[in-house]
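J.: Here you go, one structure.
There are 2 protein chains.
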Amino acid sequence: MTQVKTAKFTVIKQHICQKIESGEWQQHAKVPSENELAEQFSVSRMTARRALQELTEQGLLIRSQGSGTFVATFKSQSSLLEIRNIADEIQERGHQHHAKQLTLKAVAVNEEITILLNLKSSETVYYSEVLHFENDQPIQLEQRYVNSVLVKNYLTQDFTKITPHEYLSSEAPLTEATHEIEAVLADKNICQLLNIETSSPCLQVKRRTWSSKGVVSLAILTSPGNKYRLGSHLIF
Amino acid sequence: MTQVKTAKFTVIKQHICQKIESGEWQQHAKVPSENELAEQFSVSRMTARRALQELTEQGLLIRSQGSGTFVATFKSQSSLLEIRNIADEIQERGHQHHAKQLTLKAVAVNEEITILLNLKSSETVYYSEVLHFENDQPIQLEQRYVNSVLVKNYLTQDFTKITPHEYLSSEAPLTEATHEIEAVLADKNICQLLNIETSSPCLQVKRRTWSSKGVVSLAILTSPGNKYRLGSHLIF
DNA sequence: CAAGCAAGCTTGTATATACAACTATTGACA
DNA sequence: TGTCAATAGTTGTATATACAAGCTTGCTTG
Numbered sequence: 002m003t004q005v006k007t008a009k010f011t012v013i014k015q016h017i018c019q020k021i022e023s024g025e026w027q028q029h030a031k032v033p034s035e036n037e038l039a040e041q042f043s044v045s046r047m048t049a050r051r052a053l054q055e056l057t058e059q060g061l062l063i064r065s066q067g068s069g070t071f072v073a074t075f076k077s078q079s080s081l082l083e084i085r086n087i088a089d090e091i092q093e094r095g096h097q098h099h100a101k102q103l104t105l106k107a108v109a110v111n112e113e114i115t116i117l118l119n120l121k122s123s124e125t126v127y128y129s130e131v132l133h134f135e136n137d138q139p140i141q142l143e144q145r146y147v148n149s150v151l152v153k154n155y156l157t158q159d160f161t162k163i164t165p166h167e168y169l170s171s172e173a174p175l176t177e178a179t180h181e182i183e184a185v186l187a188d189k190n191i192c193q194l195l196n197i198e199t200s201s202p203c204l205q206v207k208r209r210t211w212s213s214k215g216v217v218s219l220a221i222l223t224s225p226g227n228k229y230r231l232g233s234h235l236i237f
Numbered sequence: 002m003t004q005v006k007t008a009k010f011t012v013i014k015q016h017i018c019q020k021i022e023s024g025e026w027q028q029h030a031k032v033p034s035e036n037e038l039a040e041q042f043s044v045s046r047m048t049a050r051r052a053l054q055e056l057t058e059q060g061l062l063i064r065s066q067g068s069g070t071f072v073a074t075f076k077s078q079s080s081l082l083e084i085r086n087i088a089d090e091i092q093e094r095g096h097q098h099h100a101k102q103l104t105l106k107a108v109a110v111n112e113e114i115t116i117l118l119n120l121k122s123s124e125t126v127y128y129s130e131v132l133h134f135e136n137d138q139p140i141q142l143e144q145r146y147v148n149s150v151l152v153k154n155y156l157t158q159d160f161t162k163i164t165p166h167e168y169l170s171s172e173a174p175l176t177e178a179t180h181e182i183e184a185v186l187a188d189k190n191i192c193q194l195l196n197i198e199t200s201s202p203c204l205q206v207k208r209r210t211w212s213s214k215g216v217v218s219l220a221i222l223t224s225p226g227n228k229y230r231l232g233s234h235l236i237f
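Heads up: the protein sequence lines correspond to chains U and Y, in order.
The first sequence begins at 2 in the working numbering and counts up one residue at a time.
The second sequence begins at 2 in the working numbering and counts up one residue at a time.
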């Protein structure tokens, strides 16, 4: 007897999932109430509740106090793509990552960047350029504008040892991020750095990160389209 | 007195979040145990537990049976990008979406597609080509290979009325998806359809969707880089 | 001294109970 | 017939309790 004991709430979850996947319970169908499930599976209401709760968090069910629990609309289920750190990503592939710091200075920036960083006037902003390598091949150029008010010691860091993202995470715990992903043609200088033709398409991710005190930084990550892809495996 | 009553577990969550955001509790720092929190806030252990549990689900904490609860590593917190239906996306922008069905037939496919769809031999596969328009401008070409075993009536659908994704969701509830995002140069035919130069970079999303019975379909979504971007606003 | 065991802490699962908050239905009354 | 109030059913919050399961520590014992 080597069978693994399955938790009761898991059994109930599986039962409900099966009903939905088989199509027996259509969209918006009413799901048995906590009390009904409790009786049906001979468990307490709190156990049945947990099953419903977790499936609700996963987006399979919708609950409404007073009226009941229902199967969620499928089409509203959007899938999620995980955006990871380039360094982590490379290491997970079993490859070697190293970074080269090209620029690190305070700059005066144009209006667009000022707005994106949510600054008042044309305050100075810290700017860094780091080129990331995967097995000695250039794989991503990271251009980063940093809020000099929120991050004090940015200019004294060595970004060959710690990535800017890691440093910022430790300085000002990040709570939110917005991303924009585009396909672009990079300009001549960037193409030279990435060792590609000027006609090669590049994947460009613009990431703005926030801490509780405001916008921390704007990162522009440019990668050659023929060498790099964003990938993920995620649940609905 | 119009103050809103805050649930006790919410108060505890806020307290813990504040400690982490302020930096008082660093990465890997030990968080008070369920019993300690329960005593500190004069609540039952189950209530304190709920606070820890929910923060764990959000990725702020890590719990380990026997040893305790700890602040999660910030760098391992990856952010999530929501990938939505093109039709929903356009509608949310307040623009008008319509689709033109270019192709819909059974085809014999090459080995690559066979493998991606997890089929045995070179079975026939359904293939559709749908061009999506935003305000009468072509914005995305959707090429889709569909598992003919799992989806029977694919060839009789009208994809100007319902998108393939919506139809597949209703036929075989999707449970998982994998995505790959690349920047590419599209071939001449595709550029013509999208009304762009052949040198224009395109954003290409390859999406494989799964039901409980296997791979349902492989979609190749190609959009002009100068007109379309993937965007999102999401929590860590 | 080293190995191993036991105690005590932690989180995980489960139950029974109570009350609050919200919704939909039912029924009484005007 | 229309309106309002009571009621029953639902989910939400909270408590007290019990035992299971996993980790750490320290002590016992060989």
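Each residue gets a CB set at the ideal place from its N, CA and C atoms; glycine is no exception.
Since the structure is predicted, the reported quantities are computational estimates derived from the model, not experimental observations.
What does residue 203 (chain U) reach in chain Y if we use C-beta pairs closer than 8 Å?
T.: On the first sequence, residue 203 (chain U) is found 202 positions in, with the first residue counted as 1. Simply 184, 202.
J.: Specify whether the region 152-170 of chain U and the region 5-24 of chain Y touch according to this definition: at least 3 beta carbon pairs, one from each stretch, less than 8 Å apart.
T.: no
J.: Residues of the region 172-198 of chain Y in Cβ contact with chain U at a cutoff of 7 Å, in chain order, please.
T.: 174, 175, 176, 177, 178, 179, 180, 181, 182, 183, 184, 185, 186
J.: Residue 23 (chain Y): buried (16+ other C-beta within 10 angstroms of its C-beta) or exposed?
T.: On the second sequence, position 22 is the one that residue 23 (chain Y) refers to. Flag for residue 23 (chain Y) reads exposed.
J.: Where do the N-terminal and C-terminal ends of the alpha helix (DSSP H) with residue 210 (chain Y) fall, by residue?
T.: On the second sequence, residue 210 (chain Y) is found 209 positions in, with the first residue counted as 1. Not the alpha helix (DSSP H): residue 210 (chain Y) falls in the beta strand (DSSP E), residues 202-212.
J.: Which residue's Cα is closest to the Cα of residue 181 (chain Y): U:227, U:19, U:231, U:34?
T.: Residue mapping note: residue 181 (chain Y) aligns to position 180 of the second sequence, counting from 1. Minimum Cα distance to residue 181 (chain Y) is reached at U:231.
J.: Let me know if residue 143 (chain Y) comes out buried or exposed under the rule of 16 or more other beta-carbons within 10 Å of its beta-carbon.
T.: Taking the second sequence and counting its residues from 1, one reaches residue 143 (chain Y) at position 142. By the 10 Å Cβ count, residue 143 (chain Y) comes out buried.
J.: Would you please state the rounded distance, in angstroms, between the beta carbons of residue 107 (chain Y) and residue 149 (chain Y)? I believe it to be under 8 Å.
T.: Position 106 of the second sequence holds residue 107 (chain Y). Position 148 of the second sequence holds residue 149 (chain Y). With 8 Å as the limit, residue 107 (chain Y) and residue 149 (chain Y) qualify as a contact, their Cβ atoms being about 7 Å apart.
J.: Just to confirm before moving on: does the CB-CB distance between residue 218 (chain Y) and residue 186 (chain Y) stay below 9 Å?
T.: By one-based count along the second sequence, residue 218 (chain Y) stands at place 217. By one-based count along the second sequence, residue 186 (chain Y) stands at place 185. Cβ atoms of residue 218 (chain Y) and residue 186 (chain Y): not closer than 9 Å.
J.: Return the CA-CA distance between residue 62 (chain Y) and residue 69 (chain Y), expressed in angstroms with no decimal places.
T.: Counting from one through the second sequence, the residue named residue 62 (chain Y) turns up at place 61. Counting from one through the second sequence, the residue named residue 69 (chain Y) turns up at place 68. Their Cα atoms are separated by approximately 10 Å.
J.: Do residue 171 (chain U) and residue 28 (chain Y) come within 9 Å of each other at the CB atom, strictly closer than that value?
T.: As a working mapping, residue 28 (chain Y) is identified with position 27 in the second sequence. As a working mapping, residue 171 (chain U) is identified with position 170 in the first sequence. Yes. Within cutoff.
J.: Along chain Y, which residues have their Cβ under 8 Å away from the Cβ of residue 58 (chain U)?
T.: Position 57 of the first sequence, counted from the start, is the residue given in the question as residue 58 (chain U). Residues of chain Y passing the Cβ test: 58.
J.: Inspect the beta-carbon positions of residue 173 (chain U) and residue 151 (chain U) and report whether they are closer than 9 Å.
T.: Sequence index remark: in the first sequence, residue 173 (chain U) carries index 172 (1-based). Sequence index remark: in the first sequence, residue 151 (chain U) carries index 150 (1-based). Yes, Cβ-Cβ distance for residue 173 (chain U) and residue 151 (chain U) is below 9 Å.
J.: Apart from the five residues just before and just after residue 1 (chain U), which ones in its own chain have a Cβ nearer than 6 Å to its Cβ?
T.: In this structure chain U extends from 2 to 237, so residue 1 (chain U) is not present and cannot be described.
J.: Please go through the same chain and pick out, in chain order, the residues whose beta-carbon is closer than 6 Å to the beta-carbon of residue 236 (chain U), but skip the five residues on each side of it.
T.: One-based indexing of the first sequence puts residue 236 (chain U) at position 235. Any answer about residue 236 (chain U) is weak, because its pLDDT of 46 lies below 50 and its placement is not dependable; what the coordinates show is given next. Excluding positions up to five away in sequence, the list is empty.
J.: Bridge partners of residue 165 (chain Y), per DSSP?
T.: For the purposes of this step, residue 165 (chain Y) is identified with residue 164 of the second sequence, where counting begins at 1. Paired residues: none, contrary to the question.
J.: Per DSSP, what kind of secondary structure is residue 150 (chain Y) in: helix, strand or coil?
T.: Residue mapping note: residue 150 (chain Y) aligns to position 149 of the second sequence, counting from 1. In this structure, residue 150 (chain Y) counts as coil in the three-state DSSP scheme.
J.: At a Cβ threshold of 9 Å, is residue 22 (chain U) touching chain Y?
T.: Here residue 22 (chain U) corresponds to residue number 21 of the first sequence, with the count starting at 1. It does: the Cβ of residue 22 (chain U) has a partner Cβ on chain Y nearer than 9 Å.
J.: Using only alpha-carbon positions, find the residue among Y:59, Y:7, Y:166, Y:67 that is nearest to residue 35 (chain Y).
T.: Indexing the second sequence from 1 puts residue 35 (chain Y) at position 34. Nearest option by C-alpha distance: Y:67.
J.: If you follow the alpha helix (DSSP H) that residue 11 (chain Y) is in, where does it begin and where does it stop?
T.: Position 10 of the second sequence, counted from the first residue, corresponds to residue 11 (chain Y). 9-22 is the span of the alpha helix (DSSP H), which, as asked, contains residue 11 (chain Y).
J.: Return the chain-ordered list of same chain residues with a C-beta closer than 7 Å to the C-beta of residue 92 (chain Y), the five sequence neighbours on each side being excluded.
T.: Sequence index remark: in the second sequence, residue 92 (chain Y) carries index 91 (1-based). Answer for residue 92 (chain Y): 98, listed in chain order.
J.: Beta-carbon separation of residue 133 (chain U) and residue 184 (chain U) under 9 Å?
T.: The residue you call residue 133 (chain U) lines up with position 132 of the first sequence. The residue you call residue 184 (chain U) lines up with position 183 of the first sequence. No, the pair does not count as a contact, with Cβ atoms beyond the cut-off.
J.: Determine the chain Y residues that contact residue 68 (chain U) at a beta-carbon separation under 8 Å, and present them in chain order.
T.: As a first step, residue 68 (chain U) is located in the first sequence; it is residue number 67 there, counting from the start. Within chain Y, no residue comes near residue 68 (chain U); the closest Cβ sits about 21 Å away, beyond 8 Å.
J.: Taking the C-alpha atoms as reference points, what is the distance between residue 136 (chain U) and residue 85 (chain Y)?
T.: Stepping through the first sequence from its first residue, residue 136 (chain U) is reached at position 135. Stepping through the second sequence from its first residue, residue 85 (chain Y) is reached at position 84. Going by the C-alpha atoms only, they are around 34 Å apart.
J.: Between which residues of its own chain and residue 56 (chain Y) is the CB-CB distance below 8 Å, once the five residues before and five after are set aside?
T.: Counting from 1 along the second sequence, the entry for residue 56 (chain Y) is found at position 55. Close CB contacts of residue 56 (chain Y) within its chain, under the 8 Å cut and outside five residues either way in sequence, are with 14, 17, 18, 62 (chain order).
J.: Can you tell which of Y:188, Y:121, Y:211, Y:167 has the C-alpha that lies nearest to the C-alpha of residue 175 (chain Y)?
T.: As a position in the second sequence, residue 175 (chain Y) is number 174, starting the count at 1. If we check each option's Cα against that of residue 175 (chain Y), Y:211 comes out closest.
J.: Which word fits residue 21 (chain Y), buried or exposed, when buried means at least 16 other C-beta atoms lie within 10 angstroms of its C-beta?
T.: Along the second sequence, one-based indexing puts residue 21 (chain Y) at 20. Classified as buried, residue 21 (chain Y) has 16 or more neighbouring CB atoms from the shown chains inside 10 Å of its CB.
J.: Taking residue 46 (chain U) as part of the alpha helix (DSSP H), name the residues at either end of that continuous run.
T.: The residue you call residue 46 (chain U) lines up with position 45 of the first sequence. From DSSP, the alpha helix (DSSP H) with residue 46 (chain U) extends over 46-58.
J.: Quick one: list the residues of chain Y neighbouring residue 213 (chain U), beta-carbon separation under 8 Å, in chain order.
T.: Taking the first sequence and counting its residues from 1, the one referred to as residue 213 (chain U) is at position 212. Near residue 213 (chain U) (Cβ distances below 8 Å), the residues of chain Y are 22.
J.: Would you check if the distance between the CB atom of residue 118 (chain Y) and the CB atom of residue 126 (chain Y) is smaller than 9 Å?
T.: Start at 1 with the first residue of the second sequence, and residue 118 (chain Y) comes out as number 117. Start at 1 with the first residue of the second sequence, and residue 126 (chain Y) comes out as number 125. The answer is yes: Cβ separation under 9 Å.
J.: Which residue wins for smallest C-alpha separation from residue 26 (chain Y), given the options Y:111, Y:147, Y:41, Y:72?
T.: If you number the second sequence from 1, residue 26 (chain Y) lands on position 25. Nearest option by C-alpha distance: Y:72.
J.: Where does residue 171 (chain U) fall in DSSP's three states?
T.: Along the first sequence, read from residue 1 onward, the residue named residue 171 (chain U) stands at position 170. Here residue 171 (chain U) sits in helix by DSSP.
J.: Per DSSP, residue 31 (chain Y) is paired with what?
T.: For the purposes of this step, residue 31 (chain Y) is taken as residue 30 along the second sequence, with counting starting at 1. Beta-bridge pairing by DSSP links residue 31 (chain Y) to Y:71.
J.: Please determine, among Y:138, Y:102, Y:146, the residue with the shortest C-alpha to C-alpha distance to residue 196 (chain Y).
T.: By 1-based counting over the second sequence, the position of residue 196 (chain Y) is 195. Selection Y:138, Y:102, Y:146 evaluated against residue 196 (chain Y) yields Y:138 as nearest (Cα-Cα).
J.: Less than 8 Å between the CB of residue 169 (chain Y) and some heavy atom of the ligand NAP, yes or no?
T.: Absence of the ligand NAP is noted for the structure shown, with no ligands found whatsoever.
J.: Select from U:128, U:227, U:188 the residue whose C-alpha is nearest the C-alpha of residue 204 (chain Y).
T.: Position 203 of the second sequence holds residue 204 (chain Y). Cα-wise, what sits closest to residue 204 (chain Y) is U:227.
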